[in-house]
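The sequence shown lines up with residues 2 to 431 when you count with this note's numbering.
Beta carbons are placed, not taken as given, at the ideal position from N, Cα and C, and that holds for glycine.
Just so it is clear, the structure is predicted and the values come from calculations on it, not from any experiment.
Worksheet for the structure shown next.
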Amino acid sequence: MTLKDKYNQYTSGISAISIFVPEHYFQLEELAAIRGVEEEKFTVGLGCRKMSVLSPIEDPVTMAAMAGRDLLENNQISPDRIGYLVVGTESAVDESKPIAVYLHEMLGLEDNCRCFDIKNACYAGTAALRTAMAWTMSPASKGRLALVITTDVAYYDLGSPAEPTQGAGACAMLVGPDPGILNLDVTNEAVYTRETMDFWRPSYRNSAIVNGHYSLECYLEALRKTWGMYREMTGYRMSDYDYLLFHTPFPKMAWKAHNLIYKLEGGMKSIGISEEESFKLKVLPSLKAAEEMGNLYTSSIFAAITSLVEFAPLKTGNLIGMFSYGSGSSSEFISGTIGNEISRWSGSTGLSSMLENRTGISYDDYVLYRAAYEQRMKDGYFVNHEPTTSSPIVYLGIRNHKRLYAYALPGKSGVKTIGIQSSQENKLHR
Numbered sequence: 002m003t004l005k006d007k008y009n010q011y012t013s014g015i016s017a018i019s020i021f022v023p024e025h026y027f028q029l030e031e032l033a034a035i036r037g038v039e040e041e042k043f044t045v046g047l048g049c050r051k052m053s054v055l056s057p058i059e060d061p062v063t064m065a066a067m068a069g070r071d072l073l074e075n076n077q078i079s080p081d082r083i084g085y086l087v088v089g090t091e092s093a094v095d096e097s098k099p100i101a102v103y104l105h106e107m108l109g110l111e112d113n114c115r116c117f118d119i120k121n122a123c124y125a126g127t128a129a130l131r132t133a134m135a136w137t138m139s140p141a142s143k144g145r146l147a148l149v150i151t152t153d154v155a156y157y158d159l160g161s162p163a164e165p166t167q168g169a170g171a172c173a174m175l176v177g178p179d180p181g182i183l184n185l186d187v188t189n190e191a192v193y194t195r196e197t198m199d200f201w202r203p204s205y206r207n208s209a210i211v212n213g214h215y216s217l218e219c220y221l222e223a224l225r226k227t228w229g230m231y232r233e234m235t236g237y238r239m240s241d242y243d244y245l246l247f248h249t250p251f252p253k254m255a256w257k258a259h260n261l262i263y264k265l266e267g268g269m270k271s272i273g274i275s276e277e278e279s280f281k282l283k284v285l286p287s288l289k290a291a292e293e294m295g296n297l298y299t300s301s302i303f304a305a306i307t308s309l310v311e312f313a314p315l316k317t318g319n320l321i322g323m324f325s326y327g328s329g330s331s332s333e334f335i336s337g338t339i340g341n342e343i344s345r346w347s348g349s350t351g352l353s354s355m356l357e358n359r360t361g362i363s364y365d366d367y368v369l370y371r372a373a374y375e376q377r378m379k380d381g382y383f384v385n386h387e388p389t390t391s392s393p394i395v396y397l398g399i400r401n402h403k404r405l406y407a408y409a410l411p412g413k414s415g416v417k418t419i420g421i422q423s424s425q426e427n428k429l430h431r
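Now the structure itself:
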């Protein structure tokens, strides 16, 4: 038996998925008016309509915890079934302590659950998924499942070209054998790594530095390379894919990515439909979250999967192609087939209702929330806020260099805290 035949015995992929959408958004038409540019520059040129904005009690940890909590609760997954938790993020809240350990406590996971973070720009989520898949196919998993969570805040300087692409959100995925949503290819990988300075955020900065035009070139070159490698490995052509998903820093980038592949494949002559029709059929259904929430960094490709499951007429066996890109740079093209539980998931991810139930904020509030975001990264910031039904996990601030959280466990009374140890501080949450 060859190694490929051996691994063909195994399956792994996404069995359940959830997304967390922050409760506030800022309309980009208003930002365009404030910045003195035509709104079409943002809504058409970038394809963005709204950006998600964090409230003062939200941060990358609370978003990740909410996504994970919803996934476990809505799918009746007992925490003791999770043996592996990996977080993909480029919005780390500590230079040493991983977000995954905060989540381990907030989600009530077992002590023998392996937990860690992966940092690799926007590619970190896909890297996390790949490690989780490998673990679930190994004897070490002993029938337990993996939980992959991605969480990020895309944050840029006021007035910068990247400002309208800002966003925030988190995704959680249950990974295991015989996946009901997306069965991923475990025998082929098309990866491309190249050192680039197209996008980076030094540890002393809150906002990223973007070399926009160069980053676009790096992205498309990585797509060209990985598409060619994967095509050679599998024989799949563009016409074989029912849907194509792309890392989406802004929706127009997915249009550029699609058009590159369309041209590489010979265009109308070989594909049989126009470039516009191909994009509309194969890509557009996956862009709803990006249009409404902005750049989600590591969650981008998984928000695209969520959008596809929510809005596309998927059928078991549909072939899905996915391109993941992380600046710096690392990238991968991978494919998967839609699983046999898709009818239960179609239109039921919760994405539509979360987008509809948000609250729009004014420009003044947008600036205020930005200031609060920067302030709450500093020691001494603290706000006393009890968890509520709508916000059961809240960020309180930093005191004595410790991040403070309060959260309510599902189905249990009382409030638990992280970082608050003194009796005086605990009085705040009795």
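C-beta atoms of residue i and residue j nearer than 8 angstroms
i           : j           : result
residue 70  : residue 146 : no
residue 18  : residue 284 : no
residue 299 : residue 48  : no
residue 118 : residue 330 : no
residue 255 : residue 211 : no
residue 405 : residue 394 : no
residue 33  : residue 87  : no
residue 221 : residue 249 : no
residue 302 : residue 183 : no
residue 219 : residue 197 : yes
residue 223 : residue 53  : no
residue 134 : residue 176 : yes
residue 168 : residue 297 : yes
residue 192 : residue 235 : no
For residue i, the residue or residues it bridges with in DSSP
i           : result
residue 400 : 403
residue 333 : 192 and 325
residue 201 : 210
residue 26  : 53 and 361
residue 395 : 407
residue 153 : 170
residue 176 : 15 and 147
residue 183 : 15 and 339
residue 123 : 121
Cβ-Cβ separation, residue j to residue i (assumed contact under 8 angstroms), whole Å
i           : j           : result
residue 180 : residue 12  : 7 angstroms
residue 153 : residue 91  : 6 angstroms
residue 266 : residue 272 : 6 angstroms
residue 155 : residue 137 : Not quite, the Cβ-Cβ distance comes to about 30 angstroms (not below 8 angstroms), so this is no contact.
residue 60  : residue 370 : Between residue 370 and residue 60 the Cβ distance is about 12 angstroms, and since that is not below 8 angstroms, they are no contact.
Residue i (DSSP reduced to helix, strand or coil)
i           : result
residue 93  : coil
residue 261 : helix
residue 418 : strand
residue 274 : coil
residue 302 : helix
residue 384 : coil
residue 5   : The predicted model places residue 5 with a pLDDT of 48, which falls under 50 and marks its position as unreliable, so this point remains unresolved.
residue 118 : strand
residue 51  : strand
residue 11  : coil
residue 103 : helix
residue 279 : helix
residue 75  : helix
residue 290 : helix
residue 1   : There is no way to answer for residue 1, as the model of the chain reaches only from 2 to 431.
residue 343 : helix
residue 38  : coil
residue 43  : helix
residue 21  : strand
residue 315 : coil
residue 356 : helix
residue 237 : coil
residue 367 : helix
residue 320 : strand
Through-space distance from residue j to residue i, alpha-carbon basis
i           : j           : result
residue 335 : residue 185 : 8 angstroms
residue 373 : residue 381 : 13 angstroms
residue 67  : residue 262 : 36 angstroms
residue 21  : residue 148 : 15 angstroms
residue 65  : residue 170 : 8 angstroms
residue 104 : residue 62  : 7 angstroms
residue 201 : residue 328 : 7 angstroms
residue 158 : residue 132 : 34 angstroms
residue 383 : residue 280 : 47 angstroms
residue 392 : residue 99  : 22 angstroms
residue 252 : residue 414 : 43 angstroms
residue 407 : residue 399 : 12 angstroms
residue 74  : residue 15  : 17 angstroms
residue 213 : residue 36  : 19 angstroms
residue 379 : residue 121 : 25 angstroms
residue 282 : residue 421 : 51 angstroms
residue 426 : residue 356 : Interpretation of residue 426 is limited by its pLDDT of 48, a score under 50 that renders its predicted location unreliable; no figure is taken from the coordinates.
Residue-chain proximity (residue i, chain D), Cβ-Cβ < 8 angstroms
i          : result
residue 91 : Considering every chain present, this structure includes no chain D. It has just one protein chain.
Residue i Cβ short of 7 angstroms to the ligand MG heavy atom set
i           : result
residue 230 : In terms of ligand content, the structure shown is empty, and the ligand MG therefore cannot be addressed.
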